[in-house]
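Residue numbering for the sequence shown follows my numbering, beginning at 18 and increasing consecutively.
Note that the Cβ used here is the ideal one computed from N, Cα and C, for glycine as well.
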Amino acid sequence: MKQYLKRFAVGLCALWASSTYAGPPMGFKDAAMVMGESSSSTKDWMVNYSFTPSDALGVGYHLWKGDGKVPGMRVEHTGVSYTRLLKRWNTPGSQANIWFGIDVGTVTDSLNFVGTKSGVMPSIQADWETTRLYALAFASTLRIRGGPQYDTFKAQVGFSFFEAEYDEWQPWFVVEVKHMPGMYVKPEVTPFLRVISNSLYIELGANLQGKPRFGLMKVIHF
Numbered sequence: 018m019k020q021y022l023k024r025f026a027v028g029l030c031a032l033w034a035s036s037t038y039a040g041p042p043m044g045f046k047d048a049a050m051v052m053g054e055s056s057s058s059t060k061d062w063m064v065n066y067s068f069t070p071s072d073a074l075g076v077g078y079h080l081w082k083g084d085g086k087v088p089g090m091r092v093e094h095t096g097v098s099y100t101r102l103l104k105r106w107n108t109p110g111s112q113a114n115i116w117f118g119i120d121v122g123t124v125t126d127s128l129n130f131v132g133t134k135s136g137v138m139p140s141i142q143a144d145w146e147t148t149r150l151y152a153l154a155f156a157s158t159l160r161i162r163g164g165p166q167y168d169t170f171k172a173q174v175g176f177s178f179f180e181a182e183y184d185e186w187q188p189w190f191v192v193e194v195k196h197m198p199g200m201y202v203k204p205e206v207t208p209f210l211r212v213i214s215n216s217l218y219i220e221l222g223a224n225l226q227g228k229p230r231f232g233l234m235k236v237i238h239f
């Protein structure tokens, strides 16, 4: 029992120190982070640097492909990003966070609906986690100057298979539901395995249509 409590306490301390369990959009002060995911329909990649415990600046690349609602539709957004930790709650057994992000840059599309124009993409994310359970809700909207608007809604829930020390590999099973009303005919459901160790996590899975998905996050200490 004492050993279990010790492992639980170590896990919570690691969780609070780095917040890597839920895949936050930024690391801790004076750390850089590489984070993203790739699938047949989406590519979201970002690099940022946390210059305070609650603020980060970076660059990002985003690609979305329609699944038939608009045949051949492909939208790309490249820009600079700002991330802010709005609120954090720590309890003896869990942590919850609310994050705000905004990405400003250029937008292009394959069907030349907008050509190349400026765009802004604000987002909000809420997450909650313990060393065994995890939940996330995310929403963003890409606003294009003189063009259409693309919204993204995402939710994730997951659990770990067992307790682990901070520097040990810990597998998690996560299910994601994502919807882009302007591009997807219906929401995309993707179960995947996430393995975490220290400040690195890797994700592998496939959506219900069998299309693979890969995710990665790495926090770099300075």
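- Rounded to the nearest angstrom, the Cβ distance from Y66 to G77 is 13 angstroms, too far for a contact under 8 angstroms.
- About 5 angstroms separates the CB atoms of I213 and Q187; that is less than 8 angstroms, so the two are in contact.
- Residue environment analysis places K203 among the exposed positions, since fewer than 16 neighbouring C-beta atoms fall within 10 angstroms of its C-beta.
- The beta carbon of S177 sits closer than 6 angstroms to the beta carbons of R149, Q187 and W189 from its chain, once the five residues preceding and following it are set aside; these are given in chain order.
- Between F117 and M234, the alpha-carbon positions lie close to 19 angstroms from each other.
- Counting along the chain, the unbroken beta strand (DSSP E) around M138 starts and ends at T133 to E146.
- Per DSSP, the beta-bridge partners of K195 are K171 and E205.
- In the displayed model, M234 falls within a strand according to three-state DSSP.
- Taken atom to atom, the span from the alpha-carbon of H238 to that of A181 is near 22 angstroms.
- P139 is the residue among S127, P139, K134 and P109 whose C-alpha sits nearest the C-alpha of I119.
- Judged by beta-carbon spacing, P229 lies within the 8 angstroms limit of S56, meaning their Cβ atoms are closer than that value.
- Taking C-beta separations shorter than 6 angstroms and ignoring five residues to either side along the sequence, the partners of R105 in its chain run N114, following chain order.
- The beta-carbon separation of H94 and G53, rounded to 13 angstroms, does not stay under the 8 angstroms limit for a contact.
- Note: Q187 is bridge-paired with I213 in the DSSP secondary-structure output.
- Here the C-alpha atom of T147 lies approximately 11 angstroms from the C-alpha atom of G175.
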